[in-house]
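Input: a single structure, listed below in structure tokens.
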Amino acid sequence: MACSIVQFCYFQDLQAARDFLFPHLREETPSGAVRRDPSKSNWEDDGWGAWEETEPQEPEEEGNTCKTQKTSWLQDCVLSLSPTNDLMVIARGQKAVFLVPKWKYSDKGKEEMQFAVGWSGSLNVEEGEHVTSALCIPLASQKRSSTGRPDWTCIVVGFTSGYVRFYTESGVLLLAQLLNEDPVLQLKCRTYEIPRHPGVTEQNEELSILYPVAIVTIDGFSLFQSLRACRNQVAKAAASGNENIQPPPLAYKKWGLQDIDTIIDHASIGIMTLSPFDQMKTASNIGGFNAAIKNSPPAMSQYITVGSNPFTGFFYALEGSTQPLLSHVALAVASKLTSALFNAASGWLGWKSKHEEEAVQKQKPKVEPATPLAVRFGLPDSRRHGESICLSPCNTLAAVTDDFGRVILLDVARGIAVRMWKGYRDAQIGWIQIVEDLHERVPEKADLSPFGNTQGPSRVAQFLVIYAPRRGILEVWSTQQGPRVGAFNVGKHCRLLYPGYKIMGLNNVTSQSWQPQTYQICLVDPVSGSVKTVNVPFHLALSDKKCERAKDMHLVKKLAALLKTRPPHLDLVETQMKELILDIKYPATKKQALESILASERLPF
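Whatever position you read off the sequence shown (first residue = 1), add 64 for the working numbering.
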């Protein structure tokens, strides 16, 4: 079984979303519908097809620019897809479109899932602010009957004004936070994962917000409780109009990043503990030969930034060195929020004068100062500028893209680059983690024991997915030093989406009760109007010498070639077939070989 790319969802109203976000690209027919005219010229006839930089046939640059935007418009948008595939957000400027999946019948009569517009509108509250980043975070249900399942999805949106706002699936504003007055550069989330080994540190849930010179991390449990309270407040206000519940405060930490020129993206690694050797090495570098060393290594939160000078910066914040700040849910914004929500819900605050509302709007909440955090070390490269960083699911590796068209693989613990790929300008990256199925692993003779299966835990493999839009190719690489295991031609105008998180609000008990179907990585193709995912079998991560499944597939191919020949002696063929079948270890592959023999017409019964 080879690596494959599978289409699992379509877009019903993608063109309507494009026309809403890009009004100048709309083509109106007399009836008001949007469609292509077959009588138009060749370049217009391509419509949503692939655009190539050939000699322009149209003398007007405006027409060529419009044609280019019609195919590459998704590259100019902020895009986010929920890992449970129940909500997608496409935003640009001040506008946003929320797409929800619906089961519908296609033209061929087959029932399939299609994304349809659930809500569209303007998200800006402050004058002149624009959307810079967005996340769709599914929140776990608290009901006993659906423990561990997603209850609803929260949309987190960052703006150029510094505000971070939280919305429901229907576009209702739940919460607004001004934690820094600089523009929000990036939003990233981390949800709970069961540690694979006893020695691995258990990571807390958090939402990290990147600003030009600061990182704010909001505690996941605090955020989960605040969002639930705000959603209940909105529901009760819509029902009765006389409920006003103050949501609990948000616990967050704010770090002012120092000794770095520019920051473009970041990755929050989580809490880590140094080994005794690394502890002594770090103490010696910072405090000199006579530095004092504690008996137990301190716990630290690690952050990695990409930008310039240094190209990649490593920051370490000691746990307990600063107390978490408590946000009082932006009191001025909260009063404005309640007035806006309750006006829309039941109109019971309609008696407020316009002057009072304007005075409330002009008041901004107090912004707490950041705790200084200096870069400990980095990868110094004065000419190289980082563009994005993507952390692996097990928090041990990170892939970084730069303006030289390189993809660099970092060892997070050691802080070094271990691999580099060239020729991937404007690359988009993501990860796929595959867990080995123990039922497919055939035990050796030494593993057969009267006390049961002693094969040990399932192995985990990680694959790096690289989308090169300039070449229109999607590649899958085995890490760290593995080969390329898959390549697909997908077009030049797609977007690769890698959330890097699952459902918020789970713990070590509820995460085991129900395993939701989540997509680790998705490719959105605006040309075909589809969403695709990549399937990678585990055996592709194994080396050629140890890959039993690859060996089995080779034996099946050898058997197929043997069946196509016309041998003079059937006894010799029978002996060879028996040897091939006995060498195959996997039962499913052995069954496939036997079926191919029975289906052959050249062999006697």
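Note that beta-carbon positions come from the ideal geometry of N, C-alpha and C, so glycine has one too.
Query: What is the rounded straight-line gap between the Cα of residue 97 and the Cα of residue 257?; Result: The predicted position of residue 97 is uncertain, since its pLDDT is 40 and thus under 50; a value taken from the coordinates is nonetheless stated next. Their Cα atoms are separated by approximately 47 Å.
Query: Quick one: Cα of residue 225 to Cα of residue 347, how far?; Result: 40 Å
Query: So for residue 656, helix, strand or coil by DSSP?; Result: helix
Query: Tell me which same chain residues have a C-beta within less than 8 Å of the C-beta of residue 326, skipping the five on either side of it?; Result: 276, 371, 372, 373, 449
Query: Which complete alpha helix (DSSP H) runs does the region 591-658 hold, if anything under 4 residues is left out?; Result: 612-628, 634-647
Query: Please determine if the region 567-574 and the region 151-166 are in contact, where contact requires at least 3 C-beta pairs separated by less than 8 Å.; Result: no
Query: Specify, as a first and last residue, the run of the beta strand (DSSP E) that residue 483 falls within.; Result: 480-486
Query: Measuring CB atoms only, is the region 590-598 touching the region 219-237, in the sense that at least three cross pairs come out at less than 8 Å?; Result: no
Query: Give the secondary structure of residue 570 by DSSP, where H, G and I count as helix, E and B as strand, and everything else as coil.; Result: coil
Query: In three-state terms, what does DSSP make of residue 461?; Result: strand
Query: Helix, strand or coil: how does DSSP classify residue 516 here?; Result: Here the model assigns residue 516 a pLDDT of 44, short of 50, so the residue's position is not dependable, and the following value carries that caveat. Coil at residue 516, not helix or strand.
Query: Could I get the ranges of all uninterrupted beta strand (DSSP E) runs contained in the region 194-239, with 3 residues as the minimum, in chain order?; Result: 195-204, 214-223, 227-231
Query: Identify every residue that forms a DSSP beta bridge with residue 475.; Result: 461, 480
Query: Tell me where the beta strand (DSSP E) around residue 140 begins and ends.; Result: Counting along the chain, residue 140 falls outside any beta strand (DSSP E), and DSSP gives it neither H nor E.
Query: Identify which residue in 619, 143, 535, 621 has its Cα closest to the Cα of residue 489.; Result: 535
Query: Opposite residue 272 in the DSSP bridges: which residues?; Result: 252, 281
Query: For residue 292, which of helix, strand or coil comes out of DSSP?; Result: helix
Query: Quick check for students: name the residue ranges of the alpha helix (DSSP H) that lie wholly in the region 312-336, counting only runs of 4 or more.; Result: none
Query: Can you tell me whether residue 527 is buried or exposed? The criterion is at least 16 other CB atoms within 10 Å of its CB, across all chains shown.; Result: buried
Query: What does the Cβ neighbour count give for residue 557, buried or exposed, with the cut at 16 atoms within 10 Å?; Result: buried
Query: Can you find the residues in the same chain that come closer than 7 Å, C-beta to C-beta, to residue 292, ignoring five residues on each side of it along the sequence?; Result: none
Query: For residue 234, tell me which candidate among 242, 285, 182 has the shortest Cα-Cα distance.; Result: 182
Query: Helix, strand or coil for residue 83, going by three-state DSSP, please let me know.; Result: helix
Query: Among residues of its own chain, excluding the 5 on either side of residue 259, which ones have a beta-carbon nearer than 6 Å to its beta-carbon?; Result: 266
Query: Kindly indicate which residue of 163, 626, 494, 350 has the alpha-carbon position closest to the one of residue 645.; Result: 626
Query: With a threshold of 8 Å on Cβ separation, who are the neighbours of residue 139 within its own chain once the five nearest residues in sequence on each side are excluded?; Result: 533, 557, 559
Query: If you follow the beta strand (DSSP E) that residue 174 is in, where does it begin and where does it stop?; Result: Per DSSP, residue 174 belongs to no beta strand (DSSP E) and is neither H nor E.
Query: For residue 467, does the three-state DSSP call read helix, strand or coil?; Result: coil
Query: Output yes or no for whether 7 Å exceeds the beta carbon distance between residue 657 and residue 623.; Result: yes
Query: Is it the case that the region 451-461 contacts the region 339-358, given that we only count it when at least three CB pairs across the two stretches are under 8 Å?; Result: no
Query: Helix or strand or just coil, what does DSSP make of residue 298?; Result: helix
Query: On the DSSP letters alone, give me the boundaries of the beta strand (DSSP E) that residue 258 sits inside.; Result: Per DSSP, residue 258 belongs to no beta strand (DSSP E) and is neither H nor E.
Query: Do residue 329 and residue 671 come within 7 Å of each other at the CB atom, strictly closer than that value?; Result: Look at the range of the chain in this structure, 65 to 669, and you will see that residue 671 is not part of it.
Query: Near residue 188, what residues of its chain come up, given a Cβ to Cβ distance below 6 Å and the 5 sequence neighbours on each side ignored?; Result: 158
Query: What residues are listed by DSSP as bridge partners for residue 376?; Result: 370, 443
Query: Can you list, in chain order, the residues of its chain whose CB lies under 6 Å from that of residue 68, leaving out five sequence neighbours each side?; Result: 599
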